[in-house]
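A short worksheet on the structure shown next.
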Amino acid sequence: MVSIKATAVVVALNIFTAAAAPAMSLITSRDDSHILAQASIYICRDTRWNGQCQNVLVNLDSCANVPNGWNDVISSIRNDSRSNYKCVWYLDSNCNGASYDNQDDADLSDGNGRFNDSISSYSCKQK
């Protein structure tokens, strides 16, 4: 006979395993031909993750312009899916102009500061 304690442990492990599933790639839509995966990026108006911040889901293998109201105001960027995907940030819209591929930068104003308040688009792809 199975003890109540053993059953409780099995149930707890199943719940823990389901809750701990990684969110590195998000399945967001499905049609008859393919499943679309997305990376997740985090952007903030101020350095060190301060000011207004937003999580953005990015379709893989395509270019995206920053959301409305975010053009040339980003001072912190992070690819939250960096273990599986690589993102590139661009100075101009439609993934044109100079690019930057640091996956986690809390202060875009340091160094030469070229990308601080200058990012207009990005793209992400699987590593």
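Mature numbering (1 follows the signal peptide of the UniProt record, and there is no 0) puts the sequence shown at residues -20 to -1, 1 to 107. Each residue gets a CB set at the ideal place from its N, CA and C atoms; glycine is no exception.
Q. Cys24 to Gln32, Cα distance in whole Å?
A. Here residue 24 is taken as the residue at index 44 of the sequence shown, counted from 1. Here residue 32 is taken as the residue at index 52 of the sequence shown, counted from 1. Rounded to the nearest angstrom, the two C-alpha atoms are 6 Å apart.
Q | Three-state secondary structure (DSSP) of Trp69 | A | To locate residue 69, count along the sequence shown from 1; it is residue 89. Strand.
Q. Using a Cβ-Cβ cut-off of 7 Å (strictly less than) and excluding sequence neighbours within five positions of Lys107, which residues of its own chain qualify?
A. Within the sequence shown, the letter at position 127 stands for residue 107. Around Lys107: Asn64, Tyr65 and Lys66.
Q | Option nearest Ala78 by Cα separation, candidates Asp85, Pro47, Gly49 and Trp69 | A | Here residue 78 refers to the residue found at position 98 of the sequence shown. Per the Cα distances, Trp69.
Q) By DSSP, does Asn74 sit in helix, in strand, or in coil? A) In the sequence shown, the residue the question calls residue 74 occupies position 94. Looking at Asn74 - three-state DSSP - the assignment turns out to be helix.
**Q.** Close Cβ partners of Lys105 (< 7 Å) along its chain, the five nearest in sequence each way excluded
**A.** Along the sequence shown, read from residue 1 onward, the residue named residue 105 stands at position 125. Cβ neighbours of Lys105 beyond the five flanking positions: Leu40, Asp41, Tyr65 and Lys66.
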